[in-house]
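In terms of this note's numbering, the sequence shown is residues 51 to 183.
Even glycine gets a Cβ: it sits at the ideal position worked out from N, Cα and C.
As the structure is a computational prediction, the values presented were derived from the model and not from experiment.
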Amino acid sequence: MKISSEEEMINCGREFAKTVKAPQVIELIGDVGAGKTTFVRGLAEGLGIKTPVTSPSFTISKEYAYDGGRLVHYDFYRLPDPGLMAEDLDEAISDPHAIVLVEWANSVENILPANTKRIEIKYNDDGTREVTL
Ligand code: ADP
Ligand code: MG
């Protein structure tokens, strides 16, 4: 799917929210600035979350409540060795009411469940993005 603007990426996340139900783990794959966090912002909006999603960067994880569950958003970019955060992630994965989003999941790939959904965002030379669900 070709995405030409930030607004379209948010819409893509919003639409995706209609198809996702806890428990679900979603891995987001793509370079820095591809639009992974922007997609999560739309997904959160689609779930009815009013708090604007921002990058978890320094805290590694951020959590948002929605009606009936919680969205937990991880970004392991700054944490090549996940340590205790792997246990934190494992706890979120075990929660039947959690939708878990993971950016830069390479170091925790082994604890992601078999039914993890993978969304890939590719940055094109013209600034558009290619999203593969
Ligand atoms: P990531 O989490 O993948 O590092 P972000 O979502 O934080 O990326 O940042 C993407 C940046 O690119 C935002 O500043 C956004 O405004 C900008 N942007 C420009 N065009 C697009 C697009 N088509 N889709 C998503 N983001 C876009
Ligand atoms: Mg990000």
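Practice item. Tell me G83's beta-bridge partners as DSSP assigns them. Key: For the purposes of this step, residue 83 is identified with residue 33 of the sequence shown, where counting begins at 1. DSSP output for G83 lists no bridge partner at all.
Check your understanding: Would you call the segment 92-103 and the segment 128-139 in contact, with 3 or more CB pairs under 8 Å?
Key -> no
Exercise for review: Kindly identify the DSSP beta-bridge partner or partners of G119.
Suggested key: Here residue 119 is taken as the residue at index 69 of the sequence shown, counted from 1. Paired residues: Y116.
Check your understanding: How far does the beta strand (DSSP E) with L134 in it reach, from first residue to last?
Key -> For this step, residue 134 is matched to residue 84 along the sequence shown. From DSSP, L134 is part of no beta strand (DSSP E) but of the alpha helix (DSSP H) over 134-144.
Review point. If we count Cβ pairs, one from each stretch, closer than 8 Å, do we get three or more for the segment 72-82 versus the segment 170-178?
Key: yes
Exercise for review: Can you give me the start and stop residues for the beta strand (DSSP E) that R128 sits inside?
Suggested key: The residue labelled residue 128 in the question sits at position 78 within the sequence shown. Run containing R128: none; DSSP gives neither H nor E here.
Review point. Mind checking whether L93 and I110 have CB atoms under 8 Å apart?
Key: Reading the sequence shown from its first residue, position 43 is the one you call residue 93. Reading the sequence shown from its first residue, position 60 is the one you call residue 110. No, they are not a contact pair.
Point to revise | Terminal residues of the beta strand (DSSP E) in which E170 lies | key: Counting from one through the sequence shown, the residue named residue 170 turns up at place 120. That run of the beta strand (DSSP E) goes 167-173.
Practice item. Have a look at T87 and E180 and give me their C-alpha separation to the nearest angstrom. Key: In the sequence shown, counting from the first residue as 1, residue 87 sits at position 37. In the sequence shown, counting from the first residue as 1, residue 180 sits at position 130. Whole-angstrom Cα-Cα distance: 15 Å.
Review point. If you compare alpha carbons, which of A115, A148, D145, A155 is closest to Y124?
Key: In the sequence shown, counting from the first residue as 1, residue 124 sits at position 74. Closest by alpha carbon: A155.
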